[in-house]
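First residue of the sequence shown? That's 15 in our numbering, and the numbers climb one at a time after it. Ideal Cβ positions, reconstructed from N, Cα and C, are used throughout, including at glycine. Scroll down for the structure; my scribbles are underneath it.
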Amino acid sequence: MEKSRIKRIRRKFFLPIFNSLFSRKTRMWGLKRFILKLANVNIASTTKVVGPLILGDAVNLTVGEGTWLGTDFSVYGSGTCIIGDKCDIGPDVSVLSGSHDIGGTDRRAGKHYTIVIGNGVWIGGRSTLYGDIAVGDSSIIAAGSLVNKNVVLNCIVGGVPAKVIRTLTE
């Protein structure tokens, strides 16, 4: 059996357990991380997941140390999402790692994106990140924003599409 098929089967089995039994219980951080690791999520030992999580079957998710994932965090598509250390991600944030762009002759149904969220990033609730983008360290994404371009470090972005609102200092 191929590795990606095993990954999808494990995810379909363990994510519903996580989402139904343990997602809202804040004192069960260790057990939550353990179940997510069984579902093939690369999650650091100090990450806190409020849950529930919504993950596509083939998406690759890596979450760094000390990160907080809010309720209903979702990653769709079959690309890659890498979240750095000490990030705070609000409720209902969506990461779209696939597209409906017309792909090449071998696969017309879109492209696979890599979305990298730097260290110390704060993403406000109901924001959406889409495309091959990187969010710079220590940046803030305002609630309800659509981020479809790279975000430089130490700035606040907001709006649809997101634009730089101001640059931050220490």
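The stretch 79-86 and the stretch 100-109 touch, with three or more beta-carbon pairs separated by less than 8 Å.
Scanning 169, 61, 139 and 184 for the CA closest to the CA of residue 97 turns up 61.
For residue 44, the three-state secondary structure derived from DSSP is helix. Relative to residue 116, the option among 109, 125 and 21 whose CA is nearest is 125. Under the three-state reduction of DSSP output, residue 159 falls in the coil class, being neither helix nor strand. Contact annotation: residue 167 and residue 132 have beta-carbon atoms nearer than 8 Å.
Sorting 49, 57 and 72 by C-alpha distance to the C-alpha of residue 18 places 72 at the top.
Sixteen is the threshold: since fewer than 16 other Cβ atoms of the shown chains lie within 10 Å of the Cβ of residue 45, the residue is exposed.
Unbroken beta strand (DSSP E) runs of no fewer than 3 residues, entirely contained in the stretch 104-139, are found at 108-110 and 128-131, following chain order. Residue 175 has its alpha-carbon roughly 34 Å from the corresponding atom of residue 59.
For residue 140, the closest of 80, 158, 152 and 92 by C-alpha to C-alpha distance is 158. Only buried fits residue 142, as 16 or more other CB atoms lie within 10 angstroms of its CB. Taking the CA atoms as reference points, residue 42 sits about 47 Å from residue 119.
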